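**Q**
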Amino acid sequence: MESVIQALSLRATMHPDRDALVTGDQRVSYGELWIRIVAAAHELARCGVGQDDRVILAAPSVPAFVYGYFATHLVGATAVVLDPDAPAPRREELFRRARPKIAFGTNAEPDSELGRIRAIDELESLPASASAFASPPLDTLADLLFTTGTTGRVKGVLLTHRNLAAAARHINTMISRGDGDVEVLPLPLNHSFGLGRLRCNLVAGATVVLVDGFRLPGEIFGAMDKHRAAGLVGVPAGFAVLLRFGARGLGLFAERLRYVEIGSAPMPIDQKRALMDFLPRTALWMHYGLTEASRSAFVEFHRHADRLESAGMAAPGVQLRIRGEDGSTLDVGEAGMLWIGGEHVSSGYWDDPELTVKVFVDGWVCTGDVAHLDNAGFLYLHGRKDDLINVGGFKVSPDEIERVLGEHPAILEAACIGVPDPRKIAGFVVQAYLVSAAGQAQPTDAELSQWVSARLESYKVPAQYAWIPALPKTASGKLVRANLRNITSVGQ
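Count the sequence shown with the numbering used here and you get residues 17 to 508, in order.
#1: Start and end of the alpha helix (DSSP H) containing HIS89?
#2: Between GLY234, GLU359, TRP355 and GLU109, which lies nearest to LEU266 when the distance is taken from Cα to Cα?
#3: Which partner residues of LYS489 appear in the DSSP bridge assignment?
#4: When you compare each of GLU463, GLY352, LEU428 and GLY254 to ALA454 by their alpha carbons, which one comes out closest?
#5: Please state whether the Cβ-Cβ distance between ARG471 and PRO105 is less than 7 Å.
#6: May I ask you to report which of helix, strand or coil DSSP gives VAL375?
#7: Quick check on PRO414: does DSSP put it in helix, strand or coil?
#8: By how many angstroms is the C-alpha of LEU160 removed from the C-alpha of GLU18?
#9: What do you get for GLY409, buried or exposed, if any count of 16 or more other CB atoms within 10 angstroms of its CB means buried?
#10: Please return the same chain residues whose Cβ sits closer than 6 Å to the Cβ of ARG239, not counting the five positions on each side in sequence.
#11: Spatial neighbours of GLN287 within its chain, please: CB distance less than 8 Å, with the 5 preceding and 5 following residues excluded, ordered by chain position.
#12: Among the residues of its own chain, which have a CB less than 7 Å from the CB of TYR304, if the five just before and after it don't count?
#13: In terms of DSSP beta bridges, what is PRO436 paired with?
#14: Over what stretch of residues does the beta strand (DSSP E) that includes HIS388 continue unbroken?
#15: In chain order, which beta strand (DSSP E) runs of at least 3 residues are fully inside the region 292-368?
#16: Can you name the start and end residues of the alpha helix (DSSP H) that GLY15 belongs to?
#17: Under a Cβ-count criterion, where at least 16 other Cβ atoms within 10 Å of its own Cβ denotes burial, should VAL496 be classed as buried or exposed?
#18: Is it right to say LYS411 is buried, meaning 16 or more other beta carbons lie within 10 angstroms of its own, or is it exposed?
#19: Bridge partners for ALA482 per DSSP, in chain order?
#20: Can you give me the C-alpha to C-alpha distance between VAL506 and PRO436, rounded to a whole angstrom?
#21: What number of angstroms, rounded off, separates the C-alpha of ASP390 from the C-alpha of LEU397?
#22: Can you tell me whether ASN502 is buried or exposed? The criterion is at least 16 other CB atoms within 10 Å of its CB, across all chains shown.
#23: Going along the chain, which residues of its own chain have a beta-carbon closer than 6 Å to the beta-carbon of THR29, five neighbours each way excluded?
#24: Please report the straight-line C-alpha distance between LEU154 and MET190, rounded to a whole angstrom.
#25: Rounding to the nearest angstrom, what Cα-Cα distance links LEU248 and GLN456 in this structure?
#26: In angstroms with no decimal places, state the Cα-to-Cα distance between THR88 and ALA486.
#27: Check whether the Cβ atoms of GLY92 and GLY66 sit closer than 7 Å, and answer yes or no.
#28: Contact defined as beta carbons within less than 8 Å: I believe SER192 pairs with VAL54. What is the distance between those atoms, to the nearest angstrom?
#29: Bridge partners of LEU37, per DSSP?
#30: Can you give me the start and stop residues for the alpha helix (DSSP H) that PHE111 sits inside?
#31: Quick one: grab the DSSP three-state call for ILE191.
#32: Closest by CA to THR176, which one among ALA309, ALA351 and LEU37?
#33: If you reduce the DSSP assignment to three classes, tell me which class ILE285 lands in.
#34: Are the CB atoms of GLN458 and GLN480 within a distance shorter than 7 Å?
#35: Do you know how far the Cα of LEU110 is from the Cα of SER141?
#36: Which one of SER469, ARG337, GLY229 and VAL44 has the shortest CA to CA distance from GLY379?
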């Protein structure tokens, strides 16, 4: 199997003048991309970075981020990609846990308490070097991606070069493409979906047009038109924004957009049908997966119009298995715990051998999702075994938000659940239930949101707050989270 970094080197040799990256007015060819990656790798090596070291990239989705990411792989180190806009407490926690040899951020921070942080733009102007690096072995670590776990503590998912190569291979097999395709990518590269699309495109020799999110739909439509895009990817929340423009938006590209990939969160059936109406000849792919097992199942809306509620069929080289409480494989139609097997499955969790042993068994990963398979092999999800909330593709732990809310002096207790987004944009949003502390005035919703946003990422801020006399609990004092959904009469 060829690693992603090996495939990228080959593409640079085959198509040196073809655009690899486009962002705004900046274009980076495959030949230039490889030169920049090698130069960045020499800089990392000069700083003593090598195998078993970690390099933090907490920077926006710019070409220099791409140079640093693949340069990290080239020297045999592990890339740790972080949200550059994460609140200071979260960033400090992840820096401490990752223990990086070197870190790059949006701006230089020479006197940071976390150690020296270099500006990502430094990787734009490094001198070229002709000397080469040997490609790292397939089973060495490539990425450490932090994702929220069921306990509220962020898990560090370990991915090898084999994992990355296997995922890119089966994704590109499912979503067929032409040589030299152009894809508009409005997803952040610090999220596993966006980073995965970057790898898939560069392995295939495609051109990636980087766009800064879905906040300005005109920029997305403009990029699609200017670069004659064959592909567009995004999360359901992003497509909900684009669908508001109807025939004046996506409908304008019905004849030239060949494929779409959607993932990271559920999409309402009515939005799937709207996409089918506006893009009747476009392959509309939606994937199911997790950071530990990227894009393991796919469904294509037109081809599988009678199974739009399904999460899809297993991707090539991926195995889906439904197991009972005793670990036995269940029959077709029986609901149980979904396990995934394949070369793309993570090797485990960073610094957490106990959880690794529980979740990863003989090359299989327990997803935590309850599901069943039908006679044709289509996967149907019944819900999470745990209480994670999927907000626009981001996995949010209620425990984490509850802890932050509980630190507010006016709050005695807090509990959070996911509820359908009334705007039909994010899939789910966070609903917080609060119990007042004695003798304290209740803060306003705006004040509560400000309190949370100062401590957690923006997508973890509750969309709704409700004050109740007491939280539903068992006799032993454990929270009965499911009973919160039965509370209909609440007030501030």
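Even glycine gets a Cβ: it sits at the ideal position worked out from N, Cα and C.
All values reported here derive from a predicted model rather than from experimental measurement.
**A** Let's see:
#1: 79-90
#2: Answer by Cα proximity: GLY234.
#3: For LYS489, DSSP records a beta bridge to LEU495.
#4: Nearest to ALA454 by alpha-carbon distance, out of GLU463, GLY352, LEU428 and GLY254, is LEU428.
#5: yes
#6: helix
#7: helix
#8: C-alpha separation (whole angstroms): 20 Å.
#9: buried
#10: Checking the sequence, you will find Ala at residue 239 rather than Arg. Answer for ALA239: VAL200, VAL225 and VAL227, listed in chain order.
#11: PRO252, PHE255, ALA256, LEU259 and LYS440
#12: SER312, ALA313, ALA327, GLY328 and LEU395
#13: PHE444
#14: Segment 380-389, the beta strand (DSSP E) holding HIS388.
#15: Within the region 292-368, complete beta strand (DSSP E) segments of at least 3 residues are found at 299-306, 309-316, 335-339 and 352-357, given in chain order.
#16: This structure gives no information on residue 15, because the portion of the chain shown stretches from 17 to 508.
#17: exposed
#18: Residue burial is scored here from C-beta neighbours: LYS411 has at least 16 other C-beta atoms within 10 angstroms and is therefore classed as buried.
#19: TYR449
#20: With a pLDDT of only 46 at VAL506, under 50, the local geometry of the prediction cannot be trusted, and no value is derived from it.
#21: 11 Å
#22: exposed
#23: none
#24: If you take the alpha carbons of LEU154 and MET190, they lie about 23 Å apart.
#25: 50 Å
#26: THR88 and ALA486 have their C-alpha atoms roughly 51 Å apart.
#27: Contact flag set, yes.
#28: The beta carbons of SER192 and VAL54 sit about 31 Å from each other, so the pair does not count as a contact at 8 Å.
#29: The beta-bridge partner set that DSSP reports for LEU37 consists of VAL44 and VAL224.
#30: 104-114
#31: coil
#32: ALA309
#33: The answer is helix: DSSP assigns ILE285 an H, G or I state.
#34: no
#35: So the alpha carbons of these two residues sit roughly 28 Å apart.
#36: Checking every option, the nearest Cα to that of GLY379 belongs to ARG337.
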